[in-house]
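Heads up: the structure comes next, in structure tokens.
2 protein chains.
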Amino acid sequence: MATLGAQKKHKVTVVGSGNWGTTMAKLVAENVVAHPKLFEEKVQMWVYEEDVTIPKDSRHYNSERADQPQKLSQLINNLHENIKYLPNITLPSNVIANTDLVDSCKDSTILIFVLPHQFIGKVCDQLKGKIVPYARAISCTKGVDVSEKGIQLLCESIGKKLSIYCGALSGANIASEIAKELYSETTVAYDPPPMDSRAPTPKVSPSSSQVDLINPSKEVPGQRSARLVPLPTEYPALSHENIRKLFHRPYFHVRLVSDVAGVSLGGALKNIIALAAGFVDGLGWGDNAKAAVMRVGILEMVKFGKAFFAESAHTSTFTEESCGVADVITSCMGGRNFRCAKMSVERGESIGEIEEKELNGQKLQGTSTAYEVNAFLKSKGMEGDFPLFTAVYHILEGKLKPEQIPEIIEPKD
Amino acid sequence: MATLGAQKKHKVTVVGSGNWGTTMAKLVAENVVAHPKLFEEKVQMWVYEEDVTIPKDSRHYNSERADQPQKLSQLINNLHENIKYLPNITLPSNVIANTDLVDSCKDSTILIFVLPHQFIGKVCDQLKGKIVPYARAISCTKGVDVSEKGIQLLCESIGKKLSIYCGALSGANIASEIAKELYSETTVAYDPPPMDSRAPTPKVSPSSSQVDLINPSKEVPGQRSARLVPLPTEYPALSHENIRKLFHRPYFHVRLVSDVAGVSLGGALKNIIALAAGFVDGLGWGDNAKAAVMRVGILEMVKFGKAFFAESAHTSTFTEESCGVADVITSCMGGRNFRCAKMSVERGESIGEIEEKELNGQKLQGTSTAYEVNAFLKSKGMEGDFPLFTAVYHILEGKLKPEQIPEIIEPKD
Chain B
1056 MATLGAQKKH KVTVVGSGNW GTTMAKLVAE NVVAHPKLFE EKVQMWVYEE DVTIPKDSRH
1116 YNSERADQPQ KLSQLINNLH ENIKYLPNIT LPSNVIANTD LVDSCKDSTI LIFVLPHQFI
1176 GKVCDQLKGK IVPYARAISC TKGVDVSEKG IQLLCESIGK KLSIYCGALS GANIASEIAK
1236 ELYSETTVAY DPPPMDSRAP TPKVSPSSSQ VDLINPSKEV PGQRSARLVP LPTEYPALSH
1296 ENIRKLFHRP YFHVRLVSDV AGVSLGGALK NIIALAAGFV DGLGWGDNAK AAVMRVGILE
1356 MVKFGKAFFA ESAHTSTFTE ESCGVADVIT SCMGGRNFRC AKMSVERGES IGEIEEKELN
1416 GQKLQGTSTA YEVNAFLKSK GMEGDFPLFT AVYHILEGKL KPEQIPEIIE PKD
Chain G
1056 MATLGAQKKH KVTVVGSGNW GTTMAKLVAE NVVAHPKLFE EKVQMWVYEE DVTIPKDSRH
1116 YNSERADQPQ KLSQLINNLH ENIKYLPNIT LPSNVIANTD LVDSCKDSTI LIFVLPHQFI
1176 GKVCDQLKGK IVPYARAISC TKGVDVSEKG IQLLCESIGK KLSIYCGALS GANIASEIAK
1236 ELYSETTVAY DPPPMDSRAP TPKVSPSSSQ VDLINPSKEV PGQRSARLVP LPTEYPALSH
1296 ENIRKLFHRP YFHVRLVSDV AGVSLGGALK NIIALAAGFV DGLGWGDNAK AAVMRVGILE
1356 MVKFGKAFFA ESAHTSTFTE ESCGVADVIT SCMGGRNFRC AKMSVERGES IGEIEEKELN
1416 GQKLQGTSTA YEVNAFLKSK GMEGDFPLFT AVYHILEGKL KPEQIPEIIE PKD
């Protein structure tokens, strides 16, 4: 057994407490109780403090205290519910809300990042040097930073900033459904370099067997600076098996892979595909057309991975895993990007107008990803190799009509 | 050029004139006109004669002749519309309806089968010995014959009965959408043995390079009896390029593959997946669960192909082609199997009751395929290797509840 001889247990912190973060905290807290030899019982959840007024439709509404704002963290710890971001879901009592970022991560060997993309950098800056050097992280925030300069996987940014290894979790995962314990699946990519002797041997990149660096990736130079500190032997190994025990639930099936690049790219690129599917569906072209655009999109994902992460991204991650094909399906069934793109065609309005009217100040991930990916492809002279991604960009720019998608993506051979 | 020196042109017959058959005839008739050096101008379409009364909502309705039944074939040739099976779609004038099966196929070098599954055998019996021996066929009827005895691909049955080569066409293809020229894609599998010197060299089965037999397949013994007669050199070669010209349209994108087994299996097995997706959606479990079941189903397709057509079926046919992933998507968005399975859970009625009430005497393909596949798997002692397919069978049998799907398909590793 992997835990034999281990005297210490892993302490787990969920960094983030929004809709998805609270859902992850609930799920992980259930699992640490189920595996008491591996994990400490309390799961810390870092909460960005807010004043909250309990809404009338909440089961915790009390007319006598109706207008008194209360601290979100206290409400979570007292009511075992995040009434603002995950209402009506009872959290296990071993989820401990903590507003002190550094304190919440103190001595934690497992950090689960579930923050909006834009806060990741700042939070890592605050944590730098304040965590145990042998901690490991998993990023549940999807995405990549793409620009003309190159592509940086979000988990690589986290790993680099904190000088620790960071994997990724992504899948067809609408948080509210998982919080209700409705069945779903996810993909966890975890592939630390082999210098961590008890970690799984990477099957992926030939280069990573030579260099004991964090997230080695040929495409992002300057990232190989930090050396990974091995996990002390008193801890149970963070094998695929034990990582799976942290996330897998009867209602949340986990598949472990080593392809960090594929998992990260899937979570970002699917939003471009969802826009394309929305445009075509908005034309009233039916299910054949929508399925065709989704299929072409999945193949452009595969091609993108092969072109820019040749040594790490696998075809099967996109075509067979929850983070690939299944997430594309979910996003194209009713996701936000899909819905807004569809409305924009149906109403003859720009997607920016739809965004403003429908999203309450929130921003579409798909449009920014489409622009960033296009800038990157342009810089490589490779727009023509990704006709669907490029078409979505040109539609957003008003230079192409959705009706032209078939002729643009028609195979030339 | 492949046509250089060819004095003869290919004569094309579409065997069938239902919704899908008439749509194929329209599409192929457009293409023969676009490629006059390759194909004869007239496309024969075999029509099973019926008396038809023009309905009131038809643009061809004439109150003076309102109650006079007319011959379907004559209506097609006079009005250039199949008012019964594809109303309101104008057919090219080079589609010639012909009620004489043997005459419609006389001298045709390309036979396109688009018949309901149950009529294929009888039609082939009538055609046997009456067609040119060097004819080639494509089956647009999806499916396989599965029983305890084994699996026979429908195109193999056709090829064997007629002693000719038969490929397969399958994809995310709702006929009515294609008839309206709404964008879609399809997959054509065409891989005649190499003895036809100008045919594409099969990349698939090592055995087929040694034996010049029709559709060699290890799993179906007794099928290698007929030898293929080479296409006379006066005809343009039936290369992938030229087959593509017969089917590809700006609104109907064709990908050619050599994997006849994969294309045929995809068209059959997707119906079991659609039932599973319907059951889960009927529970109100949301989009994560539906996407998960679809993903698991695609992987069981892959596994089925590998287990029983190891030398021919390719993973990529299921995960990357229109006949695989895209057809699964379309079928699980609004297909008949999906809808009936969903209704059966929502209303708490058996799928047989739903079938009777909702389908006007038509039968669900998915239920019979689920039973046949289960009988076959049982005979091999392999039910446990295909937990989703097996779960669908047990749900149909009333021995399992849809709610149990997650625990049944939960990976054990």
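Going line by line, the protein sequences match chains B and G. Mind the numbering: the first sequence is residues 1056 to 1468 in the working numbering, read in order. Mind the numbering: the second sequence is residues 1056 to 1468 in the working numbering, read in order. In this text, a Cβ means the ideal position worked out from N, Cα and C, and glycines have one as well.
Asked: Taking buried to mean at least 16 other C-beta atoms within 10 Å of its own C-beta, is L1182(G) buried or exposed?; Found: buried
Asked: DSSP puts C1221(B) in a beta bridge; with which residues?; Found: A1192(B)
Asked: Counting contacts by CB-CB distance shorter than 7 Å, is P1461(G) in contact with chain B?; Found: yes
Asked: For the alpha helix (DSSP H) that E1095(G) lies in, which residues bound it at each end?; Found: Run containing E1095(G): none in the alpha helix (DSSP H); it sits in the beta strand (DSSP E), F1094 to W1101.
Asked: Which same chain residues, not among the five before or five after S1377(B), have their C-beta less than 6 Å away from its C-beta?; Found: G1226, A1227, E1240, T1241 and T1242
Asked: Which chain G residues are close to L1354(B), counting only those with a beta carbon under 9 Å from its beta carbon?; Found: E1375
Asked: Quick one: list the residues of chain B neighbouring L1237(G), beta-carbon separation under 9 Å, in chain order.; Found: L1338, G1339, W1340, G1341, N1343 and A1344
Asked: Under the three-state reduction of DSSP, which class applies to I1464(G): helix, strand or coil?; Found: helix
Asked: Is the CB of V1318(G) under 7 Å away from at least one CB in chain B?; Found: no
Asked: Are at least three pairs of beta-carbons, each pair with one atom in the region 1285-1293 of chain B and one in the region 1348-1365 of chain B, less than 8 Å apart?; Found: no
Asked: Just checking my contact of Y1245(G) with H1295(G) at CB under 8 Å: how many whole Å lie between their CB atoms?; Found: 6 Å
Asked: When the distance is taken between beta carbons, is F1094(G) closer than 7 Å to H1135(G)?; Found: no
Asked: Per the DSSP calculation, K1361(G) is bridged to which residue(s)?; Found: K1361(G) is not bridged to any residue.
Asked: Let's see if you can read the secondary structure: which residues bound the beta strand (DSSP E) around H1295(B)?; Found: Where H1295(B) is concerned, there is no enclosing beta strand (DSSP E), although the alpha helix (DSSP H) it sits in stretches over H1295 to F1302.
Asked: Return the bridge partner residues of L1208(B) from the DSSP annotation.; Found: V1199(B)
Asked: With a threshold of 7 Å between beta-carbons, can V1169(G) be considered close to chain B, or not?; Found: no
Asked: In or out: S1202(B) buried (at least 16 other Cβ within 10 Å) or exposed?; Found: exposed
Asked: When the distance is taken between beta carbons, is V1400(G) closer than 7 Å to L1443(G)?; Found: no
Asked: With DSSP run on the structure shown, which of helix, strand or coil describes K1066(B)?; Found: strand
Asked: Could you work out which residue in P1291(G), Q1062(G) and I1165(G) is closest to V1070(G) when comparing CA atoms only?; Found: I1165(G)
Asked: What do you reckon, are the CB atoms on W1316(G) and F1364(G) nearer than 7 Å?; Found: A small fix is needed here, since residue 1316(G) is Ala in this sequence, not Trp. Yes, the Cβ-Cβ distance between A1316(G) and F1364(G) is below 7 Å.
Asked: Would you check if the distance between the CB atom of G1076(G) and the CB atom of V1187(G) is smaller than 7 Å?; Found: no
Asked: Can you confirm whether A1254(G), when its beta carbon is compared against all beta carbons of chain B, has any partner nearer than 7 Å?; Found: Its pLDDT being 47, under 50, A1254(G) is placed unreliably in this model, and the value from its coordinates should be taken loosely. So, not an interface residue.
Asked: Using DSSP with H/G/I as helix, E/B as strand and the rest coil, what is L1451(B)?; Found: helix
Asked: Quick one: which chain G residues come within Cβ less than 8 Å of R1350(B)?; Found: A1227, E1240, E1375, E1376, S1377, V1380, A1381 and I1384
Asked: Is E1119(B) helix, strand or coil when you go by DSSP?; Found: helix
Asked: Indicate whether A1425(B) and F1334(B) have their beta-carbon atoms separated by less than 7 Å.; Found: no
Asked: With 7 Å set as the bound, which would you pick, yes or no: does the beta-carbon of V1259(G) sit closer than that to a beta-carbon of chain B?; Found: Its pLDDT being 39, under 50, V1259(G) is placed unreliably in this model, and the value from its coordinates should be taken loosely. No, no contact with chain B.
Asked: Assign H1172(B) to one of three DSSP states: helix, strand, or coil.; Found: helix
Asked: Let me know if N1415(G) comes out buried or exposed under the rule of 16 or more other beta-carbons within 10 Å of its beta-carbon.; Found: exposed
Asked: Go to F1307(B), then tell me how far its beta strand (DSSP E) extends in each direction, as first and last residue.; Found: F1307 to V1312
Asked: In the structure shown, what three-state DSSP assignment does L1414(G) receive?; Found: coil
Asked: According to a CB-to-CB cut-off of less than 9 Å, which residues of the region 1078-1090 of chain G neighbour chain B?; Found: none
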